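Numbering (this note's numbering), first residue to last: 106 to 222. For each residue, glycine too, the CB sits at the ideal point set by N, CA and C. None of these values were measured; they are calculated from a predicted model.
Written out as structure tokens, the structure is:
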């Protein structure tokens, strides 16, 4: 059985389907937007598998605040979601593998927490 590669109408130029184009255009990177220390802290905590609720409790802030801050961070990075934001941050050097618990750095040490800065 063959599974179609794409579902829905595609654009003749190979770009996103017209019904998705507006959605993708909203996810552009803001190249001059600076990532704050707090946003990096949130990203480290998210990269370590913490839910927004867990992050809120850990930092003593509301879940609504965490949601908004992560949404703004995704926009700054041009990320579609949490996993994409972590991947972009790793590629750009905003995070290093040692920031993520259970990921070994070249020196062989393992990070056990995300709140290092």
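- Query: Thinking C-beta only, is residue 193 closer than 8 angstroms to residue 152?
  - Reply: no
- Query: DSSP on residue 173, reduced to helix/strand/coil?
  - Reply: helix
- Query: My guess is that residue 175 and residue 163 are in contact by the Cβ rule of under 8 angstroms, so how many angstroms apart are they, rounded?
  - Reply: Contact flag wrong, Cβ pair sits at about 14 angstroms.
- Per-residue burial, residue 196 [other beta carbons within 10 Å of its own, 16 or more giving buried]: exposed
- Query: Is residue 201 buried or exposed, if buried means 16 or more other CB atoms sit within 10 Å of its CB?
  - Reply: exposed
- Reduced DSSP category for residue 185 - H, G, I as helix; E, B as strand; rest coil: coil
- Item | Separation of residue 181 from residue 160, as counted between CA atoms | 20 angstroms
- With a threshold of 16 other CB atoms inside 10 Å of the CB of residue 126, please say whether the residue is buried or exposed. Note that residue 126 has pLDDT 48, beneath the 50 cutoff, so the model's placement of it is unreliable and the number below is only indicative. Per the 10 Å Cβ criterion, exposed.
- Task: Closer than 6 angstroms by C-beta to residue 191: which residues in its own chain qualify, once you throw out the five before and the five after it? Chain order, please.
- Result: 152
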